[in-house]
Amino acid sequence: MSEVRRTRAQQAKDKKSTFGTDVDLLKYQLLSDDKTDPLGLDGLTHEDRAKIIQSGIDLDDQDRAGTFFQTDHRIVHCAVKQPGLEVLPMAQALKEHAWLEELYWQAVPVDSDKYTAQAELHFQNGYFIRALKGQRVTTPIQACLYMKHDNTAQNVHNLIVAEEGSELNIITGCATAPSLQSGIHIGISEFYVKRGAKLTFTMIHDWAEEVMVRPRSGIVVEEDGLFLSNYVSLKPVRSLQMYPTTRLIGPGAVARFHSILLAPPGCELDTGARVVLEASNTRAEIISRTITTGGVIKARGHLVGLKPNVKAHLECHGLILTEEGIIHAIPELEAHRSGAEMSHEAAVGKIAEEEIEYLMARGLSEEEATATIVRGFLNVQIEGLPPELQAKVDRAIEESEKSML
Amino acid sequence: MLEINDLWVDVNGKEVLKGVNLTIPSGETHILFGKNGSGKSSLLMTIMGFRRYRVRQGRISFKGVDITKLPIHERAKMGIGLAFQRPPSIRGVKTRDVFNVCNINSVSCDELADKFNFSGLLERELNVGFSGGEMKKSELLQLLLQDPELVMLDEPESGVDLENLQILGKAINKLLEKYLWRKRAKSGLVISHLGFILNYIEADSGYVLLDGRIHCHGNPRELFKGIQRHGYRECIECQR
Ligand SMILES: Nc1ncnc2c1ncn2[C@@H]1O[C@H](COP(=O)(O)OP(=O)(O)OP(=O)(O)O)[C@@H](O)[C@H]1O
Ligand SMILES: [Mg+2]
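One line per chain: the protein sequences are A and B, in this order. Counted the way the working numbering counts, the first sequence spans residues 1 to 405. Counted the way the working numbering counts, the second sequence spans residues 406 to 645.
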């Protein structure tokens, strides 16, 4: 099995991705060593801590059901505080659970492109998180992938399983050390939401100006399962491209994607979500709010309805705050049966002068009025998101407001 | 309080005001009548300072200060307030937040909303899905919070039902308080088609705006009666 996988990866190792700028992977150093013992949190510098906290991670492990923390290729800390929950480094999980072979690389094909290939050929761990059957783990579990070594590649493979009737809330922060300028992060993430399970995944990215990011995610949701994704990227990054695919394979399965993106000058974001509604009574929603202050954003979305009684909605709203910025909304709806209820809404443009002036007539300066409207634009209350995670998202937005205007 | 001299204004290349002269002394409320498209809203928007309304010529002064070139918010801070004929909807911005911006005297927004049957709307996005009457109420309540010295109302009563008309009438009355025992401090400039407003405020003077110019300066009730009887035809002929 793993031999076949490696061969397929070998064959795909020069395969360019359909979307996004092509990255020359040879430019980046591949770190590796045989040590598996965790580095421990004590080794973190002041600056590291500040950066990590900013991306939503709580270093005291308080109010967390579990924590996974990896810097570059090394595990720093991995802990679990609740029964019925597993949090493990991926390499260890593969050793302990032979059955994982059946899920590993199933939601994301290993030969998708050169990035998936590299993640297989130069595997550097990642996390495995699993809620056992019927376990409702409402306290968030946190995972942090941190890059510290300049000019390196980080290739991680994550796999999350919410077993039947379980619940998981995961917050992941991805960030780079203040000293790091350039690098590439490749993250494979596979999500398996079993019957009647609920999985909330909140990801806050905080990269550096020259970092390339290529997440590759696949999600499979069974009958009456719910997958909720929130993605926030408000800090500079050179190029980020991702287009996760979700399959709703059981009746009543639901997937919702919310993303809030900011592209400063020199930044290129090509993101979106694709949901295939393969079973009856499935529902999907993809909502993005994008802002450019000079960067380029492609906001994609693709909904595929294969059964008659499915419901899906796609919403891309973009704000252009400077003359140089570009937002390209690319919504796609594909219905294969009549009776599929699918809709989209896209609006891209500047803030209406009329709205700014209206608030000015109430006494706000132009900057204050703009800030108020931008805050409102980003303020999407995410349905079903635990208040604590909503607070994290709100704080990330607040933090970036200052730099935005 | 407000003095306008020979004001010429363009909007999108179209001349909308053609030499308007107007003086509102402190404590007086003036009513502005006029046909659709005659330039009434344009006049108020220009006084407020909206950039679309480009002043080609003339001068606006408020409390003795030339404000012709001042940005909108500075005019608002000096004490000019406008209730819009058609306020914009602002997605994501809660009505409560806008109320808080207006609230310079720190009164309780909840109590105010409660008094005016507006509580349910505070948590909604500003004007998103508001009915016509709800928007008018929102505008007036914002002005009550702002408490401006020059109160400009652009058709505050249009589209408002009879019951709410009374409620809004009271609000307007409060905005432009006139006491028997002391001189009124607030001034008003109010646009109206229906004249209902005359029952709620003591208007001191009225005029008709026709094709960007002011005609017929006089007693507001008499003016309104004349318009009801003869339409605006008479004003065109009359050279007052
Ligand atoms: N932004 C704009 N672009 C083009 N034309 C405009 C604009 N704003 C106003 N106008 C035009 O200027 C003229 C005066 O408009 P204004 O809104 O001042 O009229 P009004 O007297 O308030 O009318 P109503 O009684 O219908 O409210 C109208 O012909 C209108 O179409
Ligand atoms: Mg008007």
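The beta-carbon is built from N, C-alpha and C at its ideal position, and this holds for glycine as well.
Excluding the 5 residues flanking it on each side, G40/A has same chain C-beta neighbours closer than 8 angstroms at V76 and H77, in chain order. Interface residue (Cβ-Cβ distance to chain A less than 7 angstroms): H478/B is classified as such.
When distances are taken from the beta-carbon of G444/B to the heavy atoms of ligand 1, the shortest one is below 6 angstroms. Proximity of chain B to T372/A at the Cβ level (cut-off 9 angstroms) is accounted for by I495, V498, D502, V503 and V506, in chain order. Scanning chain A for C-beta atoms nearer than 8 angstroms to the C-beta of L487/B yields A361, reported in chain order.
Beyond the five residues adjoining it in sequence on each side, D616/B comes within less than 8 angstroms, by CB distance, of K423, S443 and G444 in the same chain, given in chain order. Following the DSSP letters along the chain, one finds T282/A in no alpha helix (DSSP H), marked with neither H nor E. Contact check between the stretch 287 to 304 of chain A and the stretch 250 to 260 of chain A: three or more CB pairs, one atom from each, fall below 8 angstroms, which counts as touching. For S466/B, the Cβ stays outside the 6 angstroms cut-off from all heavy atoms of ligand 1. Around E47/A, the same chain offers P178 as residues with beta carbons nearer than 6 angstroms, after the five sequence neighbours per side are excluded. Here H73/A is buried. Its C-beta has 16 or more other C-beta atoms within 10 Å. Of all alpha-carbon atoms in V503/B, G418/B, K419/B and I596/B, the one lying nearest the alpha-carbon of L550/B is that of V503/B.
Judged by beta-carbon spacing, Q490/B lies within the 7 angstroms limit of D559/B, meaning their Cβ atoms are closer than that value.
Counting along the chain, M406/B sits inside no alpha helix (DSSP H), nor does DSSP assign it H or E at all. When DSSP states are grouped into helix, strand and coil, S288/A belongs to the strand group.
Taken from the Cβ of Q490/B, at least one heavy atom of ligand 2 lies inside 6 angstroms. In this structure, ligand 1 has no non-hydrogen atom nearer than 6 angstroms to the beta-carbon of V161/A. C-alpha of L145/A to C-alpha of E479/B: approximately 48 angstroms in a straight line.
Closer than 6 angstroms to some heavy atom of ligand 1: that describes the Cβ of N441/B. Rounded to the nearest angstrom, the Cβ distance from S166/A to L132/A is 7 angstroms, consistent with a contact under 8 angstroms.
For T7/A, the enclosing alpha helix (DSSP H) stretches over residues S2 to Q11.
For a Cβ distance threshold of 9 angstroms, residue set E353 and E357 of chain A lies close to R456/B, ordered along the chain. In the three-state DSSP reduction, K235/A falls in the coil class, being neither helix nor strand. For C514/B, there is no enclosing beta strand (DSSP E); the enclosing alpha helix (DSSP H) has its first and last residue at C514 to K520. For D206/A, there is no enclosing alpha helix (DSSP H); the enclosing beta strand (DSSP E) covers residues K198 to D206. Apart from the 5 residues on each side of it in sequence, A263/A sits with its Cβ closer than 6 angstroms to the Cβ of L269, T292, G295 and I297 in its chain, given in chain order. For C267/A, the secondary structure class from DSSP, reduced to helix, strand or coil, is coil. The three-state secondary structure of V506/B, taken from DSSP, is helix. Under the Cβ criterion of 7 angstroms, G376/A is counted among the residues facing chain B.
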